[in-house]
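In the working numbering, the protein residues as written are 47 to 136. Positions of the beta carbon are idealized from the N, C-alpha and C atoms, including for glycine. Data first, discussion second: the structure below is written as structure tokens.
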């Protein structure tokens, strides 16, 4: 687990592209449209102020998924499939 600022700085330094999802209802998430943001990392920082749960799906060779929990300032690795979190890393 990392704090959210550390996590965003790390993906920014690596120039990782990502998809972001926010909690919608009944355990499902909807995708945010971050592709139009001028600075996608600033956009992600801003979204953590408005949403308690954000899924970040990194677009790299190994698809990695993280759950950002702004209320407790944590980014943790998760399994994410079909718009649902299926497992959370300990």
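Discussion item. Would residue 48 and residue 121 qualify as a contact pair, given that the criterion is a beta-carbon distance under 8 Å?
Written reply: What you label residue 48 is simply residue 2 of the chain shown in a count that begins at 1. What you label residue 121 is simply residue 75 of the chain shown in a count that begins at 1. Cβ atoms of residue 48 and residue 121: closer than 8 Å.
Practice prompt. Could you please give the first and the last residue of the uninterrupted alpha helix (DSSP H) stretch that includes residue 59?
Written response: Indexing the chain shown from 1 puts residue 59 at position 13. 50-59 is the extent of the alpha helix (DSSP H) around residue 59.
Item to complete: Would you kindly work out how many angstroms separate the C-alpha atoms of residue 67 and residue 52, rounded to a whole number?
Response: The residue labelled residue 67 in the question sits at position 21 within the chain shown. The residue labelled residue 52 in the question sits at position 6 within the chain shown. Going by the C-alpha atoms only, they are around 19 Å apart.
Practice prompt. Identify every run of the beta strand (DSSP E) within the region 99-134, keeping only runs that are complete inside it and at least 3 residues long; order them along the chain.
Written response: Within the region 99-134, the complete beta strand (DSSP E) runs of at least 3 residues are 99-105, 110-115, 120-127 and 130-134.
Worksheet item: Whole-angstrom Cβ separation of residue 99 and residue 78, contact assumed at under 8 Å?
Response: To locate residue 99, count along the chain shown from 1; it is residue 53. To locate residue 78, count along the chain shown from 1; it is residue 32. That belief does not hold up - the Cβ atoms of residue 99 and residue 78 are roughly 12 Å apart, past 8 Å.
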